[in-house]
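Asker: Before I ask anything, here is the structure I am working with.
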């Protein structure tokens, strides 16, 4: 039998909205529902663990399988769980026993050690997977260090990246686990190296290099490579920046070989040359933030500062070593109160405003963007200082009305439909 009416194929797409606004609305609704389901599953994981506590194995009235023992699956302060119960829960949610163990551990870590993150998840304010990413990193921390991470990461958990989380974990260790931090510092210091792999030379005549350097030395090297690469470009080189930097390393090495180093000889008749002075003193800028306790050593466990160039925490002892270098040039700037309102009567924004804005915002304020607000390395661009309300329409040039936006998102805000809340 045949019909004359047009037949539409049933490909399962009949429910799809046909306008941009309804597509976005439906996407938001589905994402909200999925996040809510994940939050409920975490709550069920905690409930399952509470139904199978360590105490249940010691209860004479409870049936106990031979070999079932209480095991820790989260950090100190979280309850132990009967080992055999883990496999049951894992099977129920369709995952391996090891993955189920990790999932239950994340749930307990959040519930008992990361209370602020747990509150955001259970109220639907934070996706469960983002909280679990933090829980995975904190299970080995002391309760004090875990609380520190919870306090500082909870407000930013919706946009924090892996590198930023690693830095926060390192800072928590430095502040609240000083013995571990000192051991890590000594281990890292002992692991410094610079290797040239001559065993895997490519047919084109290139080879791989790798290493781990002191940060101050690495910044010196970075600046030297960048400067040499720029000279090559000015002289007409058509190589890419990466290629010119690789050539620059060879140039620096050949120049260094011409230095008048002392010659270690046994023949007393042979004159020994004197070591030459460095051709240029260390010219390096580090933005360091230290507490009073860190500079005076008055409080154990608080000897930590922050290197803004790399957005990383560094032990105060390491900073003392850098500042004690005979060629180091130290500039101390006054503390800036980022809450203070700084006004300017013109459209242009000077350092009196851009500096506190960068210190306040840290990164571009566009959702999920992590580009730094300040220009920290050669070749990088600082974030633009954007008026929250257009200056031509009466917007004030004041720190309270200025935000950091990277160039891409500044264009998107200016020419798109994005606005500040």
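Numbering (the numbering used here), first residue to last: 5 to 425.
Don't be surprised by glycine CBs; every beta carbon is placed ideally from N, CA and C.
1. Should residue 150 be labelled buried (16 or more other beta-carbon atoms within 10 Å of its own) or exposed?
2. So residue 179 is in the beta strand (DSSP E); what residue range does that whole segment cover?
3. Would you report the Cα separation of residue 37 and residue 181, rounded to the nearest angstrom?
4. Tell me, please, which residues DSSP counts as bridged to residue 83.
5. Pick helix, strand or coil for residue 93, following the three-state DSSP scheme.
6. Which residue marks the beginning of the alpha helix (DSSP H) containing residue 201, and which one marks its end?
7. Identify which residue in 232, 311 and 198 has its Cα closest to the Cα of residue 247.
8. When you compare the CB positions of residue 104 and residue 86, do they come within less than 8 Å of one another, or not?
9. Suppose contacts are defined by Cβ-Cβ distances below 8 Å. Is residue 78 in contact with residue 117 by that definition?
10. Can you tell me the Cα-Cα spacing of residue 376 and residue 128, whole angstroms?
11. Can you give me the start and stop residues for the beta strand (DSSP E) that residue 77 sits inside?
12. Where in the segment 187-244 do unbroken runs of the alpha helix (DSSP H), each at least 4 residues long, occur, reported from the N-terminal end onward?
13. Can you look up residue 342 in the DSSP assignment and give me helix, strand or coil?
14. What does residue 319 pair with, by DSSP beta-bridge criteria?
15. Ordered along the chain, which non-local residues of its own chain (more than five positions away) have a Cβ less than 6 Å from that of residue 173?
16. Quick one: what's got a C-beta closer than 8 Å to residue 99's C-beta in the same chain, skipping five residues either side?
17. Which class does residue 334 belong to by DSSP, given the choice of helix, strand or coil?
18. According to the neighbour-count rule (16 or more other Cβ atoms, all chains shown, within 10 Å of its Cβ), is residue 198 buried or exposed?
19. Taking residue 407 as the reference, which of 398, 393 and 158 has the closest Cα?
20. Rounded to the nearest angstrom, how far is the Cβ of residue 220 from that of residue 326, given a contact under 8 Å?
21. Here's the rule: buried if 16 or more other CB atoms are within 10 angstroms of the residue's CB, otherwise exposed. What is residue 113?
22. Looking only at its own chain, which residues have a Cβ that is under 8 Å from the Cβ of residue 22, when we skip the five neighbours before and after it?
23. From 132, 122, 309 and 417, pick the residue whose C-alpha is nearest to that of residue 320; which is it?
24. Using 8 Å as the Cβ pair cut-off and three pairs as the minimum, do the segment 183-191 and the segment 206-226 touch?
25. Going straight from the alpha carbon of residue 132 to that of residue 318, what length do you get?
26. Since residue 389 sits in a beta bridge, which residues does DSSP pair it with?
27. Any idea what DSSP makes of residue 26, helix, strand or coil?
28. Taking a contact to mean a Cβ-Cβ separation below 8 Å, would you say residue 157 touches residue 177 in this structure?
29. With DSSP as the reference, identify every bridge partner of residue 142, one or two as the case may be.
30. Taking residue 80 as the reference, give the member of 191, 143 and 88 with the closest Cα.
31. Taking just the CA atoms, how far does residue 258 sit from residue 361?
32. Can you tell me whether residue 276 is buried or exposed? The criterion is at least 16 other CB atoms within 10 Å of its CB, across all chains shown.
Answerer: In brief:
1. Here residue 150 is taken as the residue at index 146 of the chain shown, counted from 1. So residue 150 ends up on the buried side.
2. The residue given as residue 179 occupies position 175 in the chain shown. Counting along the chain, residue 179 falls outside any beta strand (DSSP E), though it belongs to the alpha helix (DSSP H) covering 166-180.
3. The sequence position of residue 37 within the chain shown is 33, counting from 1. The sequence position of residue 181 within the chain shown is 177, counting from 1. In a straight line, the C-alpha of residue 37 is about 39 Å away from that of residue 181.
4. As a first step, residue 83 is located in the chain shown; it is residue number 79 there, counting from the start. According to DSSP, which records beta bridges pairwise, residue 83 is partnered with nothing at all.
5. Taking the first residue of the chain shown as position 1, residue 93 is located at position 89. Note: residue 93 maps to helix in three-state DSSP.
6. As a position in the chain shown, residue 201 is number 197, starting the count at 1. Careful: residue 201 lies outside any alpha helix (DSSP H), inside the beta strand (DSSP E) at 197-201.
7. Translated into the one-based positions of the chain shown, residue 247 becomes position 243. Per the Cα distances, 232.
8. Here residue 104 refers to the residue found at position 100 when the chain shown is read from its first residue. Here residue 86 refers to the residue found at position 82 when the chain shown is read from its first residue. Taking 8 Å as the Cβ cut-off, residue 104 and residue 86 do not qualify as a contacting pair.
9. Residue 78 sits at position 74 when you count from the first residue of the chain shown. Residue 117 sits at position 113 when you count from the first residue of the chain shown. Closer than 8 Å, so yes.
10. Position 372 of the chain shown, counted from the first residue, corresponds to residue 376. Position 124 of the chain shown, counted from the first residue, corresponds to residue 128. Going from the Cα of residue 376 to the Cα of residue 128 covers about 29 Å.
11. Stepping through the chain shown from its first residue, residue 77 is reached at position 73. For residue 77, there is no enclosing beta strand (DSSP E), as DSSP gives it neither H nor E.
12. Runs found: 219-238.
13. As a working mapping, residue 342 is identified with position 338 in the chain shown. Coil.
14. Translated into the one-based positions of the chain shown, residue 319 becomes position 315. According to DSSP, which records beta bridges pairwise, residue 319 is partnered with 308.
15. By one-based count along the chain shown, residue 173 stands at place 169. Taken in chain order, the residues that qualify are 141.
16. Residue numbering aside, residue 99 sits at position 95 when the chain shown is read from its first letter. Same-chain partners within the cutoff: 107.
17. Translated into positions along the chain shown, residue 334 becomes position 330. Of the three classes helix, strand and coil, the one that applies to residue 334 here is coil, per DSSP.
18. For the purposes of this step, residue 198 is identified with residue 194 of the chain shown, where counting begins at 1. Answer is exposed; the Cβ neighbour count stays below 16.
19. Locating residue 407 in the chain shown gives position 403, where the first residue counts as 1. When each option's Cα is compared against that of residue 407, the closest is 393.
20. Along the chain shown, read from residue 1 onward, the residue named residue 220 stands at position 216. Along the chain shown, read from residue 1 onward, the residue named residue 326 stands at position 322. Between residue 326 and residue 220 the Cβ distance is about 5 Å, and since that is below 8 Å, they are a contact.
21. For the purposes of this step, residue 113 is identified with residue 109 of the chain shown, where counting begins at 1. By the neighbour-count rule (16 or more Cβ atoms within 10 Å), residue 113 is buried.
22. Stepping through the chain shown from its first residue, residue 22 is reached at position 18. Contacts found: none.
23. Taking the chain shown and counting its residues from 1, one reaches residue 320 at position 316. Comparing Cα positions, the closest option is 309.
24. Counting Cβ pairs under 8 Å, fewer than three are found: no touch.
25. For the purposes of this step, residue 132 is taken as the residue at position 128 of the chain shown. For the purposes of this step, residue 318 is taken as the residue at position 314 of the chain shown. Computed Cα separation, rounded: 30 Å.
26. Along the chain shown, read from residue 1 onward, the residue named residue 389 stands at position 385. Bridge partners of residue 389: 408.
27. As a working note, residue 26 is residue 22 in the chain shown. Looking at residue 26 - three-state DSSP - the assignment turns out to be helix.
28. Position 153 of the chain shown, counting from 1, holds the residue named residue 157. Position 173 of the chain shown, counting from 1, holds the residue named residue 177. Taking 8 Å as the Cβ cut-off, residue 157 and residue 177 do not qualify as a contacting pair.
29. Taking the chain shown and counting its residues from 1, the one referred to as residue 142 is at position 138. Answer is none; residue 142 lacks a bridge partner.
30. As a first step, residue 80 must be located in the chain shown, where it is residue number 76. Comparing Cα-Cα distances from residue 80 to each of 191, 143 and 88, the minimum goes to 143.
31. Within the chain shown, residue 361 is the residue found at index 357, counting from 1. Within the chain shown, residue 258 is the residue found at index 254, counting from 1. Computed Cα separation, rounded: 43 Å.
32. Stepping through the chain shown from its first residue, residue 276 is reached at position 272. Bear in mind that the predicted position of residue 276 carries a pLDDT of just 49, short of 50, making it unreliable; the figure below should be weighed with that in mind. When all chains shown are included, residue 276 counts as exposed.
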